[in-house]
Amino acid sequence: MELNYEFMADTFFKLFHALPVTLSITFVALLAATPIAFLLALARIKKIKYLQLPIKLYISLVRGVPMIVQILVIYSLLPSLLNYLFKELNISYNIFDLNTIWYAYIIFTLSTCAMLTEVFRSALQSIDQGQLEAGYSVGMSTWRIYLRIIIPQALVVALPSLCNITVSIIKNTSLVFMMAVKDITAVGKIAASYGYNYIEAYIDVFVVYIIICSVVQILFNVLEKSFGRFRQRVLSN
Amino acid sequence: MRPFEPHLIPDFMLDILPYLSVTLGVTLTTVVFGCVLGGVIAYLKLFGNKLQRLLANAYTYSMRCTPSIILLFIVFYGLPKFLIEMFGYDINDFNRAFFVIITFTLLFAANISEIMRAAYIAVDRGQYEAAVSVGMSSWQAHYRIVFPQAAVIALPNFGNSLLNLLKEGSLAYTVGLVDLLGAGELIVARAYGASALEVYIAVGLIYYGIAIALEKICLHLEERFSPQKIVKV
Numbered sequence: 388m389e390l391n392y393e394f395m396a397d398t399f400f401k402l403f404h405a406l407p408v409t410l411s412i413t414f415v416a417l418l419a420a421t422p423i424a425f426l427l428a429l430a431r432i433k434k435i436k437y438l439q440l441p442i443k444l445y446i447s448l449v450r451g452v453p454m455i456v457q458i459l460v461i462y463s464l465l466p467s468l469l470n471y472l473f474k475e476l477n478i479s480y481n482i483f484d485l486n487t488i489w490y491a492y493i494i495f496t497l498s499t500c501a502m503l504t505e506v507f508r509s510a511l512q513s514i515d516q517g518q519l520e521a522g523y524s525v526g527m528s529t530w531r532i533y534l535r536i537i538i539p540q541a542l543v544v545a546l547p548s549l550c551n552i553t554v555s556i557i558k559n560t561s562l563v564f565m566m567a568v569k570d571i572t573a574v575g576k577i578a579a580s581y582g583y584n585y586i587e588a589y590i591d592v593f594v595v596y597i598i599i600c601s602v603v604q605i606l607f608n609v610l611e612k613s614f615g616r617f618r619q620r621v622l623s624n
Numbered sequence: 017m018r019p020f021e022p023h024l025i026p027d028f029m030l031d032i033l034p035y036l037s038v039t040l041g042v043t044l045t046t047v048v049f050g051c052v053l054g055g056v057i058a059y060l061k062l063f064g065n066k067l068q069r070l071l072a073n074a075y076t077y078s079m080r081c082t083p084s085i086i087l088l089f090i091v092f093y094g095l096p097k098f099l100i101e102m103f104g105y106d107i108n109d110f111n112r113a114f115f116v117i118i119t120f121t122l123l124f125a126a127n128i129s130e131i132m133r134a135a136y137i138a139v140d141r142g143q144y145e146a147a148v149s150v151g152m153s154s155w156q157a158h159y160r161i162v163f164p165q166a167a168v169i170a171l172p173n174f175g176n177s178l179l180n181l182l183k184e185g186s187l188a189y190t191v192g193l194v195d196l197l198g199a200g201e202l203i204v205a206r207a208y209g210a211s212a213l214e215v216y217i218a219v220g221l222i223y224y225g226i227a228i229a230l231e232k233i234c235l236h237l238e239e240r241f242s243p244q245k246i247v248k249v
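See below:
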């Protein structure tokens, strides 16, 4: 099969210009979702009344509805809703000037938050209750025990799942071209349709995603080793 | 703002629901082919020589890192061109479902091979040895003792993968397959974008319903086939 190698090489480097978009969506989603998900996980563990059902419903909705449908629903809802709100509140900002990447941030934060809640919940529950009691017995406050004792241990437990979630967010960001956000896939698509070089462009995109995901997995491996160091220390003592 | 008309959602759901057969058909076909291919890959990972193991693992790894939509585009645009130029065989007028099934078979096989491998390893080696020691052949020991136990172990992960497959399957509309989401898009397009929100919510609710049903079925099966229950009977 004849491939246009020159085009492939050109496009391959063009795709890297779109890398910040893909990565920024991933990072914003992870960073914004982490505190919320942590609180939701605590609410689940502490079995706080009136919050159980909404959280469960939210998680199962995110888990049950395809990402693309989530994107389509929110992208057809948010802009006009915000426009309406702004008009009501007499804010003169034209919402349709807003960069669509903001909607991507919102959507991915929402879905990441649901995934993280489950991960945090199981990670926190995997830590022995005795750790909390031991902390109390030496006079630490609850806040301190969480920060210094429970979270560092839970994080090590959660890291493999966090890695999976990060990879799946990166993969899912390939859908943001639906919202006219110029991520890697979108740039590939545009390059492809310019000269009908579909296969070449998509093979490039395929390779770029494999590179990104590999780097992410390597980073998480390093993190796991350095966060998990205390385990070896405890064992060797 | 165009008013939100929730009373339209049930109507749209009824309009879209007939296309559930397309989504389920594609999904089930994919599962069948995916399990066969996944089985072969799992076999290579477990019993293959060094090269075979390396290839199988590389395959799984690259599929894990690929967004489904990219693979779908590669198969959809690449396969017809490849077959025409290599074998002079024209598949451009094939049904879109054909390309969708190939794509998702490739993806699902990678997942399922990993699940099968893990489940096979999780069954205690002693089970196999015990079976052989009472005079079963290797095939019998696998077929009657190891595989049933591995299947139970694999069940939760299998359910998860199936749900993912079903959800990812909604991407098929991007290459023009009229499944649940494709039918929704047609309704939206016919009304020039009006009531898009209601249609998408309707599609989302149908998927949500399927996901919940699937989850319930999986839980039921897990309970039904849990070792304690079987031993008690």
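So the protein sequences, as listed, match chains A and B. Residues in the first sequence are numbered from 388 upward in steps of one, following the numbering used here. Residues in the second sequence are numbered from 17 upward in steps of one, following the numbering used here. All C-beta atoms in this analysis are idealised placements derived from N, C-alpha and C, irrespective of residue type, glycine included. The structure displayed is predicted, hence computed values, not measured ones.
Here's a check: name, in chain order, each residue in its chain whose Cβ is nearer than 8 Å to the Cβ of residue i, leaving out the five neighbours to either side.
i	result
Ser513 of chain A	Ala541, Val544
Ile482 of chain A	Pro466, Leu469, Asn470, Phe473
Val132 of chain B	Correcting the residue identity first, residue 132 of chain B is Met in this sequence and not Val. Gly54, Gly55, Ala58, Ala166, Ala170, listed in sequence order.
Tyr35 of chain B	Val194, Asp195, Leu196, Gly198, Ala199
Ile532 of chain A	Gln518, Leu519, Gly522, Tyr523
Tyr480 of chain A	Phe473
Pro172 of chain B	Cys234, Glu238
Glu231 of chain B	Gly175, Leu179
May I have the straight-line CA-CA distance separating residue i from residue j, to the nearest angstrom?
i	j	result
Tyr490 of chain A	Ile586 of chain A	29 Å
Gly41 of chain B	Leu410 of chain A	36 Å
His404 of chain A	Asn391 of chain A	21 Å
Phe399 of chain A	Pro407 of chain A	15 Å
Ile226 of chain B	Ser498 of chain A	19 Å
Ala521 of chain A	Trp530 of chain A	14 Å
Ala188 of chain B	Ile556 of chain A	19 Å
Pro26 of chain B	Leu33 of chain B	10 Å
Gly64 of chain B	Asn127 of chain B	18 Å
Leu235 of chain B	Phe28 of chain B	30 Å
Val609 of chain A	Leu87 of chain B	29 Å
Thr496 of chain A	Ile488 of chain A	12 Å
Asp5 of chain B	Ser561 of chain A	This structure leaves residue 5 of chain B out entirely; chain B is present only between 17 and 249.
Met395 of chain A	Leu440 of chain A	50 Å
Asn551 of chain A	Ile494 of chain A	19 Å
Pro12 of chain B	Leu237 of chain B	Summary: the structure shown does not reach residue 12 of chain B, with chain B confined to residues 17 through 249, and so no result is reported for it.
Cys10 of chain B	Phe607 of chain A	Any property of residue 10 of chain B remains undetermined from this structure, which presents chain B solely from 17 to 249.
Ile446 of chain A	Leu426 of chain A	14 Å
Ala573 of chain A	Phe120 of chain B	21 Å
Ile161 of chain B	Ser129 of chain B	20 Å
List the residues of chain B whose Cβ lies closer than 7 Å to the Cβ of residue i, in chain order.
i	result
Gly451 of chain A	Tyr223, Tyr224, Ala227, Ile228
Val460 of chain A	Leu213, Tyr216, Ile217, Gly220
Leu448 of chain A	Tyr224
Ile590 of chain A	Ile90
Check the Cβ of residue i against every Cβ in chain B and list those closer than 8 Å, keeping chain order.
i	result
Val456 of chain A	Ser186, Leu197, Tyr216, Val219, Gly220, Tyr223
Lys569 of chain A	Those within 8 Å of Lys569 of chain A in chain B number zero; the least Cβ separation is about 16 Å.
Leu606 of chain A	Under the 8 Å cutoff, chain B gives no residues; its nearest Cβ is about 14 Å from Leu606 of chain A.
Tyr490 of chain A	None at all; the shortest Cβ gap to chain B is about 14 Å.
Lys558 of chain A	Cys81, Thr82, Pro83, Ser84
Leu440 of chain A	Going along chain B, no residue has its Cβ under 8 Å from Leu440 of chain A, so there is no contact; the nearest lies around 15 Å.
Identify, in the order they occur along the chain, each residue of the same chain with its Cβ nearer than 6 Å to the Cβ of residue i, setting aside the five sequence neighbours on each side.
i	result
Ala510 of chain A	Ala541, Val544, Ala545
Leu503 of chain A	Ala420, Ala424
Phe124 of chain B	Thr46, Gly50, Leu181
Tyr462 of chain A	Tyr490, Met566
Gly615 of chain A	Val543
Lys443 of chain A	none
Val215 of chain B	Phe28, Gly200, Ile203, Val204
Asn559 of chain A	Met454
Val148 of chain B	Ala157
Phe241 of chain B	Val168
Give every residue of the same chain whose Cβ lies closer than 7 Å to the Cβ of residue i, excluding the five residues on either side of it in the sequence, and list them in chain order.
i	result
Arg69 of chain B	Leu60, Lys61
Closer than 7 Å by beta-carbon distance: list the chain A residues that pair up with residue i, in chain order.
i	result
Gly50 of chain B	Here the premise fails: no neighbours, minimum Cβ distance about 18 Å.
Glu145 of chain B	Chain A residues near Glu145 of chain B: none, gap ~32 Å exceeds 7 Å.
Ser78 of chain B	Ile597
In chain B, which residues lie less than 9 Å from residue i when you measure between Cβ atoms?
i	result
Ile493 of chain A	Result: empty, since nearest Cβ-Cβ is about 16 Å, beyond 9 Å.
Val574 of chain A	Those within 9 Å of Val574 of chain A in chain B number zero; the least Cβ separation is about 12 Å.
Starting from residue i, find everything on chain A with Cβ-Cβ shorter than 9 Å and list it in chain order.
i	result
Tyr208 of chain B	Under the 9 Å cutoff, chain A gives no residues; its nearest Cβ is about 13 Å from Tyr208 of chain B.
Are three or more beta carbon pairs between the stretch 185 to 201 of chain B and the stretch 219 to 230 of chain B nearer than 8 Å? yes
Decide yes or no for the touch test of the stretch 94 to 105 of chain B against the stretch 572 to 582 of chain A: beta carbon pairs closer than 8 Å, at least 3 of them. no
Are at least three pairs of beta-carbons, each pair with one atom in the stretch 175 to 192 of chain B and one in the stretch 447 to 455 of chain A, less than 8 Å apart? yes
If contact is defined by three or more beta carbon pairs under 8 Å, each pair taking one atom from either stretch, is the stretch 587 to 603 of chain A in contact with the stretch 431 to 438 of chain A? no
Only counting runs of 3 or more residues, tell me where the beta strand (DSSP E) segments fall wholly within the stretch 469 to 505 of chain A, in order along the chain. none
Can you check the stretch 415 to 468 of chain A for any alpha helix (DSSP H) of at least 4 residues that lies completely inside it and give the ranges in chain order? 439 to 451
Residue ranges of each alpha helix (DSSP H) within the stretch 32 to 106 of chain B, 4 or longer: 36 to 63, 66 to 80, 84 to 89, 95 to 103
Check whether the stretch 598 to 610 of chain A touches the stretch 107 to 116 of chain B, counting contact only when three or more Cβ pairs, one atom from each stretch, lie closer than 8 Å. no
Where are the alpha helix (DSSP H) runs, 4 residues long or more, that stay fully inside the stretch 523 to 548 of chain A, in chain order? 529 to 532
Segments assigned alpha helix (DSSP H), at least 4 residues, entirely inside the stretch 140 to 166 of chain B: 141 to 149
Report the start-end ranges of each alpha helix (DSSP H) in the stretch 194 to 224 of chain B that is 4 residues or longer and not cut off at the edges. 196 to 206
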